[in-house]
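K.L.:
Quick one: the structure is below, and I'll ask about it shortly.
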Amino acid sequence: MASFQEKVLLIVSRIKKGQVLTYKQVAQLAGNPNAFRAVGNILSKNYNPKIPCHRVIRSDGAIGGYNRGEKKKIFLLKKEKAI
DNA sequence: CATTTGACGCCAA
DNA sequence: TTTGGCGCCAAAT
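If you count the first sequence from 1, position 47 lands on 200 in the numbering used here, and the numbers rise without skipping.
Spelled out as structure tokens, the structure:
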């Protein structure tokens, strides 16, 4: 069985272009609807470019953060019309 | 086992 | 609408 972080990474990697999920949604898909905290923590430590972590945002619509610059994340989201 | 950290979520004021 | 405060969980120490 994959670790919680492996599930999260897999789910995030499956996000298609133009699609966006919230940390809570990712946590729910990972099996723990209340582990949204851990989700953010995992993504922050993950520097794998294969993971479109910029497609994961907060429930409020805020970007949250990005390991390569929040501006980049905002730009990508606006460009893809994911938000 | 106890604490700390962190890209969160929700509610009250 | 904006803050502050509390609760939540996984991994690291």
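All C-beta atoms in this analysis are idealised placements derived from N, C-alpha and C, irrespective of residue type, glycine included.
So is Ala188 buried or exposed if we call it buried at 16+ other beta carbons inside 10 Å?
P.N.:
As a working mapping, residue 188 is identified with position 35 in the first sequence. Buried, since its Cβ has 16 or more Cβ neighbours within 10 Å.
K.L.:
Tell me, please, whether the region 213–225 touches the region 157–172 by the rule of three or more beta-carbon pairs shorter than 8 Å.
P.N.:
No, because fewer than three Cβ pairs between the region 213–225 and the region 157–172 fall closer than 8 Å, the two stretches do not touch.
K.L.:
Quick check: Ile216 and Leu230, are their CB atoms within less than 8 Å of each other?
P.N.:
Residue 216 sits at position 63 when you count from the first residue of the first sequence. Residue 230 sits at position 77 when you count from the first residue of the first sequence. Cβ atoms of Ile216 and Leu230: closer than 8 Å.
K.L.:
Helix, strand or coil for Ile210, going by three-state DSSP, please let me know.
P.N.:
Start at 1 with the first residue of the first sequence, and residue 210 comes out as number 57. If DSSP states are grouped into helix, strand and coil, Ile210 belongs with the strands.
K.L.:
Determine the contact status of Ser166 and Ile210, defining contact as a CB-CB distance below 8 Å.
P.N.:
Position 13 of the first sequence holds residue 166. Position 57 of the first sequence holds residue 210. It is not a contact, given that the beta carbons lie outside the stated cut-off.
K.L.:
Taking its Cβ as the centre, do 16 or more other Cβ atoms sit within 10 Å of Tyr176, making it buried, or is it exposed?
P.N.:
The residue given as residue 176 occupies position 23 in the first sequence. Buried: at least 16 other Cβ atoms inside 10 Å.
K.L.:
Please report the distance separating the alpha-carbon of Asn185 from that of Ala191.
P.N.:
Translated into the one-based positions of the first sequence, residue 185 becomes position 32. Translated into the one-based positions of the first sequence, residue 191 becomes position 38. Distance between the alpha carbons of Asn185 and Ala191 is about 10 Å.
K.L.:
Name, in chain order, the residues that DSSP records as bridge partners for Leu174.
P.N.:
By 1-based counting over the first sequence, the position of residue 174 is 21. DSSP, once it has assigned bridges, lists Val209 as partnering Leu174.
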